[in-house]
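Numbering (UniProt numbering), first residue to last: 1 to 1006.
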């Protein structure tokens, strides 16, 4: 074996030499192994001894080792014990066949004598089956082995370099291992190629061909490397002959040379076999790729025909709109041309190349030709069928439009103008003219339609025809009623004035005479009443017509909206997962379907499965449709998620709008508008709902569902406001806290803001006091954020402003003043005992009022929470408040708690007494007070009104409790609660001084 499996043994040959294979041979060709003088032979372990010996016996060829080995043991400088130990080891561990063992015995007199004697007595102990000969000198050795086969140490002429021998053996074994691995790799690769199942797809086949080609190239590179290494090794072995042509190689060198040449020849044969196999395999893969292209084209043609059949089947099963039918007809015409062209081209090309996979291709070619004929005939029949259906669709469309126009005509005739003779005649002529011009718009007979269009009518189509016919009958009935009414009005004659006596001023005091005059007057009044009743009925009828029109618009636009969403999801979103379109998708768009389309799929499924079907249930009672919106208001909040994602979607669209993927999808869908227009549809739809609800509410104010419509409209507007507010909220930068902890966003808007700070007894404005700061305020339930608006450069949503966070105020620590500096557009927000005052100016007084009311609601909610906690406090816990550190109350006021009502600590001195915190002008049944006045509570009324007595003027009256603060006793200490404390603990804080809490407290007396 060229490759020794025990590589450790070869490494052992680099240690101090205790035996070696010199390459010599005996007379019969037996390999010679020499055990030279080695004093440390006894220290060699049995494992090491066995490994090296096993390796040396594996080096010669099998023919040589079959004859047996000759062992030469040189122990001339040693003792008998070493000889005995060596023989025992050889007898127990030698792995090969032995032919002869020659021992050069010790040369000293004593050891030589002992060796002769002890060898004779211990000969059987060695259990050697071959001759073991004791030699006294090298001369005797030469009688057994020729000198040319021995080294100079043994009196021979052969040159031996152990390092060179190791180098050659290492190189040969490395090369042999490389050849073996290369052959195994090629064999494994060939097996892999042969066993590879051919793919069924073009892309997979292309990838497989490319992968196998790359592997083949790598194999060829490995082969070239192995051939190069073998050539260099061959040159190294031949080096002595090249250097000295008369040099005679020993048997070992000749075997090495033959081994390398054999390995190189083996490599050449392997390479040739692999090249032949690869040519066959490559041809097979290329033919497979051609076959897959053919099969793909075949499936594409079949799919094209199936698509046409499916569309026609869908058309014949359900009723569709004229526009949809026209679209299918256009597609059919295009598909028919493409099918014929594709089939002819594919058939000719495949027949010309019939030499490839002819058994598989020829039947398909015949099938394609047959299908081409069948499909062409089927297409013509289906197109005729579709044209017949389109004819009926257009007929229904004209009739429906004629009915709608007639209803609008009825609704547009002003009732007041029709009361006159001329107005009634004019309106009557208008109706007659409209009916005379009906022409082909009117459906004449249902039985004729059933017979003429029997082939295309299904149940849904029949229902559609009956619905239009019923609608037409209802319209004609309305026309008949209106004509009768107008004819009566037009036929009225002006009544002559009856002579009557002058009527007194007071009718009740005149005796009743019961004459013609009174009776005539009564008849006239009755006629007017009937006229008004008729007018009222017609007005209600007109409103019902308008409600139906709004409902029709809602349903039609809803159906169109659902169809558009489905078109986008199938024509764009699904195509992003298609392997056939993957090469057209640019890198920025890959794996970004969720970003581009947001939750459009969720919106589509909600509308298609739920909302549209529920809306259709209100077709006959449109005034009640508000209930449907209210029941699904939670589901409609999915639009908030879509709108939040819209900026990311639009940014991604702008990056990739010109890519081939979008263009190809748009081309397939035959859309005139790009995808961005359809991505805007959900935003437009949620906005459209509030417009339709407004219209429906406009015509339903006296109907049963008016309240539901108003509530639904308010809720939809709330969703739009929440979306708009949240779009601003996500544009805030620089806020380090968690905005979800601030509570619900209530309002947001831009204002001009001035700030004032109180230092000591003086008010100090900011340096830029004459120029207000422009701030965008965000009012949450728990905080008020001040931000600076920054306009962005860009397009679409990127042009939307961003907001830099500046500061926030805790709503539990603020107060408001509704009117500031006599300007009805300004109000004050203050904190820290008015040490920090923010003068806020709105754009209009209405905006200011809205904000003040909303802030008041927040503060009132906090007050009610505090009152609830306060009522739960026991008298004992209140009494213990005297022992609290007064600094806590001072700290509370320092943080600017809103001045609500709190009971006094000292009940004996100031029970029920309060001080006025702001001027309050007298209203109806109210008490007029000024800031600093002292009042005493008499009784508590509703809506925050208290009946109090002004201790200064002794006058009594009602006053808003919010304008009062608990009287501060002699110690000027009072009990207070912050909003945060009211939330659960119910603890009370005291303060030693409240004199600086408000600027108006200077008038408070103990």
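Yeah, the Cβ is synthetic: ideal placement off N, Cα and C, and Gly gets one too.
What's the call for residue i, buried or exposed, on a 16-neighbour Cβ count within 10 Å?
i           : result
residue 464 : buried
residue 254 : exposed
residue 283 : exposed
residue 738 : exposed
residue 40  : exposed
residue 210 : exposed
residue 748 : buried
residue 46  : exposed
residue 491 : exposed
residue 588 : exposed
residue 578 : exposed
residue 437 : exposed
residue 613 : exposed
residue 790 : exposed
residue 866 : buried
Which stretch, first to last residue, makes up the beta strand (DSSP E) that contains residue i?
i           : result
residue 957 : 956-960
residue 74  : 69-74
residue 99  : 98-104
residue 156 : First-last for residue 156: undefined, no H or E at that position.
residue 35  : 31-35
residue 132 : 132-135
residue 817 : 815-817
Measure the alpha-carbon distance for residue i versus residue j and round it to whole angstroms.
i            : j           : result
residue 641  : residue 595 : 12 Å
residue 397  : residue 380 : 25 Å
residue 590  : residue 572 : 13 Å
residue 485  : residue 432 : 13 Å
residue 783  : residue 740 : 11 Å
residue 957  : residue 933 : 14 Å
residue 1029 : residue 779 : Here the chain comprises residues numbered 1 to 1006, so residue 1029 is not present and cannot be evaluated.
residue 288  : residue 393 : 50 Å
residue 666  : residue 570 : 12 Å
residue 364  : residue 205 : 21 Å
residue 163  : residue 72  : 21 Å
residue 678  : residue 686 : 14 Å
residue 137  : residue 68  : 24 Å
residue 247  : residue 241 : 6 Å
residue 811  : residue 959 : 25 Å
residue 258  : residue 101 : 29 Å
residue 825  : residue 559 : 47 Å
Determine which residues share a DSSP beta bridge with residue i and list them.
i           : result
residue 831 : 836
residue 783 : 810
residue 950 : 935
residue 803 : 732 and 789
residue 747 : 779
With distances taken Cα to Cα, identify the nearest neighbour of residue i among the options.
i           : options               : result
residue 181 : 163, 267, 153 and 217 : 267
residue 94  : 50, 137 and 104       : 50
residue 644 : 597, 607 and 669      : 597
residue 281 : 189, 853, 568 and 37  : 189
residue 43  : 82, 423 and 62        : 82
residue 220 : 191, 272 and 177      : 272
residue 62  : 96, 70 and 85         : 96
residue 709 : 744, 624, 37 and 663  : 624
residue 196 : 186, 212, 202 and 78  : 212
residue 801 : 448, 776, 786 and 812 : 776
residue 652 : 733, 592 and 724      : 592
residue 544 : 384, 609 and 695      : 695
residue 704 : 752, 439, 626 and 79  : 626
residue 173 : 135, 59 and 251       : 59
Would you check whether the ligand NAP has a heavy atom nearer than 7 Å to the C-beta of residue i?
i          : result
residue 80 : In the structure on display, the ligand NAP does not appear, and there are no ligands present to speak of.
Determine the extent of the alpha helix (DSSP H) in which residue i is found, giving its start and end residues.
i           : result
residue 651 : 638-656
residue 625 : 625-631
residue 206 : 202-237
residue 249 : Taken as a continuous stretch (DSSP letters only), residue 249 belongs to no alpha helix (DSSP H), as it is neither H nor E.
Does chain D have any CB closer than 8 Å to the CB of residue i?
i           : result
residue 818 : The structure shown contains no chain D, having only a single protein chain.
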